[in-house]
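S.K.: So that you can map any letter, position 23 of the sequence shown is 197 in the numbering used here, and since no number is skipped, the others follow by simple counting.
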Amino acid sequence: MARCTQVGVIEERIESPTPEPKLGDQLRQAVHERASRLGATDVVYQKRESDESYAYARAEAYRCER
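1. Which parts of the region 178-238 are runs of the beta strand (DSSP E), unbroken and 3 residues or longer, counting only runs that do not cross its ends?
2. Starting from the C-beta of R232, find all residues in its chain whose C-beta is less than 6 angstroms away, skip the five residues before and the five after it, and write them out in chain order.
3. Figure out for me which residue from E226, R202, T179, R240 has the closest Cα to the Cα of T192.
4. Label R202 either buried or exposed according to how many other C-beta atoms from any shown protein chain fall within 10 Å of its C-beta, with 16 as the threshold for buried.
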């Protein structure tokens with residue numbers, strides 16, 4: 175079983191003045207880039223919502239030893 179340590183909490187918000195169908199994908203990429211900078215190996219989303227003009231996520235970042 176892996177032992178994991180929380181290395182941070184990430185909140186990310188993206189807003190678009192024009193409809194952008196892939197806003198959720200951009201958000202997920204931004205969250206994972208920030209997690210990587212924290213040295214995280216895993217991300218657990220606490221909240222994630224998006225439509226074509228707004229995307230928001232709150233996630234916990236963990237470093238796990240396998």
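All C-beta atoms in this analysis are idealised placements derived from N, C-alpha and C, irrespective of residue type, glycine included.
M.R.: Based on what the coordinates show:
1. 216-224
2. E185, Q220, K221
3. E226
4. buried
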